[in-house]
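I have placed the structure first, in the form of structure tokens, so that the comments after it can refer back to it.
Number of protein chains: 2
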Amino acid sequence: MSDASLWTALADPHRRVIVGLLLERPRPVGEIADACGLSQPSTSKHLKVLREAGLVRVRQDAQRRVYALDPAPIAELDAWLAPYRKLWNDSLDALGRRLDETAATAATRGESSDEDNRAPDSKD
Amino acid sequence: MSDASLWTALADPHRRVIVGLLLERPRPVGEIADACGLSQPSTSKHLKVLREAGLVRVRQDAQRRVYALDPAPIAELDAWLAPYRKLWNDSLDALGRRLDETAATAATRGESSDEDNRAPDSKD
DNA sequence: ACCATGTATGCCTTGACTGGCATATAACTG
DNA sequence: CAGTTATATGCCAGTCAAGGCATACATGGT
Chain A
1 MSDASLWTAL ADPHRRVIVG LLLERPRPVG EIADACGLSQ PSTSKHLKVL
51 REAGLVRVRQ DAQRRVYALD PAPIAELDAW LAPYRKLWND SLDALGRRLD
101 ETAATAATRG ESSDEDNRAP DSKD
Chain B
1 MSDASLWTAL ADPHRRVIVG LLLERPRPVG EIADACGLSQ PSTSKHLKVL
51 REAGLVRVRQ DAQRRVYALD PAPIAELDAW LAPYRKLWND SLDALGRRLD
101 ETAATAATRG ESSDEDNRAP DSKD
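Residue numbers (the UniProt record's numbering), protein chains in the order written: chain A, 1 to 124; chain B, 1 to 124.
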């Protein structure tokens, strides 16, 4: 039931930044604090929240504690919004169809400007 | 960047419930309040938050206000966690591969290695 | 116009969260 | 063992969000 804590953990902007940093690579606390412009104690507290949400794991390296991202809870998030993704894909579909019709009516208008907003999912 | 309001909006359990309800179908405020076990005023406030986060839209039907889900911001969420999804897919892949190997080798009792990165003294 | 229904807003209290500072704790170094 | 580095924790104050209640606002019906 890390559900609640998961959302709460990610609700904080600083913590999202931290998670972003850890996405690039594992980092020790000091580095994170520095990158976030936060004090070390605050950073430690945020990391504690993330840890309790299961979002990060710690590895001890001498006196340093290197935090790394744990992707599992993110999967949970993804699972949560799966139903909504369907809905939004439908919307895009409808939009696409409408555009398609328009394009058909307007004949060739050479428009491929749309960025790929499709679900990047490769699994189902 | 995902709107801060989006995360804040979804950080609240009641609001997630509301969003879930609206996923099924659009509903008037009273119905939502009833389903959530919240007072009508509280519900209205939550809906306001969701509205300002762009998550819901209102349609006026007589004195009723029928709220419906707007899937667009959810797409934003999805976009945010896209990079993480990659990571977690890799993890699953690696896990699958590891299990596969283990099954293949079968003889070695699990090479425990260091998959337990928990802090040894995590106390509260 | 009056009243009923449905919803939004304002006020207030309470509780949670955040950040900083000082300090305790743990681990390495000489 | 003392000293230094790296991190965690406790305490405090400021902020903010959530829920309840009363009430204002809007729409429809008679």
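From the three backbone atoms N, C-alpha and C, an ideal C-beta is built for every residue, glycine too.
Practice task
Taking only beta-carbon positions, decide if residue 124/A is within less than 8 Å of chain B.
Solution key: Confidence in residue 124/A is poor, its pLDDT being 33 and thus under 50, which makes the residue's placement too unreliable to answer from.
Practice task
Return the chain-ordered list of same chain residues with a C-beta closer than 8 Å to the C-beta of residue 72/A, the five sequence neighbours on each side being excluded.
Solution key: 54.
Handout entry: Interface partners of residue 57/B on chain A, CB under 8 Å
Key = The contact set of residue 57/B on chain A, defined by CB atoms closer than 8 Å, is empty, because the minimum CB distance reaches about 12 Å.
Problem - Closest by C-alpha distance to residue 15/A, when choosing among 64/A, 85/A and 56/A - result: Comparing Cα positions, the closest option is 56/A.
Practice task
Under 7 Å Cβ to Cβ from residue 21/B, same chain only, skipping five residues before and after it: list those, please.
Solution key: Excluding residues within five positions, the ones whose Cβ falls inside 7 Å are 27, 32 and 35.
Problem - Buried versus exposed call for residue 43/A [16 or more other C-beta atoms within 10 Å across all chains shown] - result: Buried.
Problem - Burial state of residue 4/B (16 or more Cβ within 10 Å) - result: With a 10 Å radius around the Cβ and a threshold of 16 neighbouring Cβ atoms, residue 4/B comes out exposed.
Handout entry: For residue 40/B and residue 9/A, the rounded distance between their alpha carbons
Key = One C-alpha to the other measures close to 28 Å.
Practice task
Specify, as a first and last residue, the run of the beta strand (DSSP E) that residue 61/A falls within.
Solution key: In this chain, the beta strand (DSSP E) harbouring residue 61/A covers 56-61.
Exercise for the section: May I ask you to report which of helix, strand or coil DSSP gives residue 9/B? Expected result: In the structure shown, residue 9/B sits in a helix (DSSP, three-state: H, G or I).
Handout entry: Through-space distance from residue 62/A to residue 45/B, alpha-carbon basis
Key = Their backbone Cα atoms lie some 50 Å apart in a straight line.
Handout entry: Residue range of the alpha helix (DSSP H) that includes residue 68/A
Key = For residue 68/A, there is no enclosing alpha helix (DSSP H); the residue is part of the beta strand (DSSP E) that begins and ends at 64-69.
Exercise for the section: With 8 Å as the threshold, decide whether the Cβ of residue 84/B is near any Cβ in chain A. Expected result: Yes, contact with chain A.
Exercise for the section: Classify residue 82/B as buried or exposed, calling it buried when 16 or more other Cβ atoms lie within 10 Å of its own Cβ. Expected result: By the 10 Å Cβ count, residue 82/B comes out exposed.
Exercise for the section: Kindly identify the DSSP beta-bridge partner or partners of residue 28/B. Expected result: As DSSP reads the structure, residue 28/B sits in a beta bridge with 66/B.
Handout entry: is_contact[residue 102/A, chain B] using C-beta, thresh 8 Å
Key = Residue contact check for residue 102/A against chain B: no CB pair falls below 8 Å.
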